[in-house]
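Undergrad:
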Amino acid sequence: MYWDSTLILLLPGLILGLWAQSRVKSTYAKFSRVPTQGRLPAWQVVQYLLQKEGAGDVAIERTHGTLTDHYDPRSNKLRLSEGVYDSASVAALGVAAHEAGHALQKKENYPFLALRSVMVPVVNLGSNLAWPIFLLGIITTWEPLMYVGIILFALVVLFSLITLPVEYDASRRATAMLVNNGYLTQDEEKGVRSVLNAAALTYVASFVSALMQLLRLISIARRRD
21 MYWDSTLILL LPGLILGLWA QSRVKSTYAK FSRVPTQGRL PAWQVVQYLL QKEGAGDVAI
81 ERTHGTLTDH YDPRSNKLRL SEGVYDSASV AALGVAAHEA GHALQKKENY PFLALRSVMV
141 PVVNLGSNLA WPIFLLGIIT TWEPLMYVGI ILFALVVLFS LITLPVEYDA SRRATAMLVN
201 NGYLTQDEEK GVRSVLNAAA LTYVASFVSA LMQLLRLISI ARRRD
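This note's numbering applies: residue 21 is where the sequence shown begins, and numbers increase by one.
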């Protein structure tokens, strides 16, 4: 970590991130205690939804942890956490249907998901090498290295930006599927929206944090010039 006055640029992202994490945990906890009228477990609901949407080949598995739910496009598996898999709560159905939304994105070759998948190897490399290369440029006073580090981190910011429409679209699909198939009452729909909107804030916070980090790198580079 490079310590100087530009660290203040990271505060907005840090504060937003802490608030988003707090909100998603409290919202999830609240609606995890609210059962849906149908009382059907989340895995059974998403299995039906996926089959109806022509994605019945997606395997649904249980995974350890809390809020570790995710869809793996490489193995075409939807993994639901222990608190979601067998639960019939408003929160569980919302989270599970959101991941089903990602599965449908892959099935339909949703462009932002496809682009994000292509970027993953490059972004992983960039996130690991951006700061070391940037700091090496400062130590050696060779400006091209600093700007290589900035470019690599800019890819991380772009990845975070592309993630936003992917997540919001999955939430839109989730709510629509649950409502259109009669799994939610009007009040339960509001609860699902609250849970998914809170979760989406974490991705907004991630983007803001990455963007402010990029601005910090640019600011340091300009001061060195």
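Built from N, CA and C at the ideal position, the CB exists for glycine as well.
Excluding sequence positions up to five away, which residues of its chain have a Cβ less than 8 Å from the Cβ of G74?
TA: In the sequence shown, counting from the first residue as 1, residue 74 sits at position 54. Excluding sequence neighbours, G74 sits near K127.
Undergrad: Please state if the CB of D89 and the CB of S101 are separated by a distance shorter than 7 Å.
TA: Residue 101 sits at position 81 when you count from the first residue of the sequence shown. Residue 89 sits at position 69 when you count from the first residue of the sequence shown. Cβ atoms of S101 and D89: closer than 7 Å.
Undergrad: Let me know if A112 comes out buried or exposed under the rule of 16 or more other beta-carbons within 10 Å of its beta-carbon.
TA: Position 92 of the sequence shown holds residue 112. Label assigned to A112: buried.
Undergrad: Which value, in whole angstroms, describes the spacing of the CA atoms of R59 and G114?
TA: Mapped onto the sequence shown, residue 59 falls at position 39. Mapped onto the sequence shown, residue 114 falls at position 94. Spanning the two alpha carbons is a distance of roughly 14 Å.
Undergrad: Going by DSSP, name the residue or residues bridged to R82.
TA: Looking up residue 82 in the sequence shown gives position 62. R82 pairs with L100.
Undergrad: Less than 7 Å separating the beta-carbons of Y223 and L184?
TA: Taking the first residue of the sequence shown as position 1, residue 223 is located at position 203. Taking the first residue of the sequence shown as position 1, residue 184 is located at position 164. It is a contact, given that the beta carbons lie within the stated cut-off.
Undergrad: Can you find at least 3 beta carbon pairs, one from the region 47-67 and one from the region 230-238, that sit closer than 8 Å?
TA: No contact exists between the region 47-67 and the region 230-238.
Undergrad: Alpha carbon to alpha carbon, how far is Y91 from K210? Give it in angstroms, no decimals.
TA: On the sequence shown, position 190 is the one that residue 210 refers to. On the sequence shown, position 71 is the one that residue 91 refers to. Approximately 24 Å between the Cα atoms of the pair.
Undergrad: State the DSSP-derived secondary structure class of Y130, mapped to helix, strand or coil.
TA: As a first step, residue 130 must be located in the sequence shown, where it is residue number 110. Three-state result, Y130: coil.
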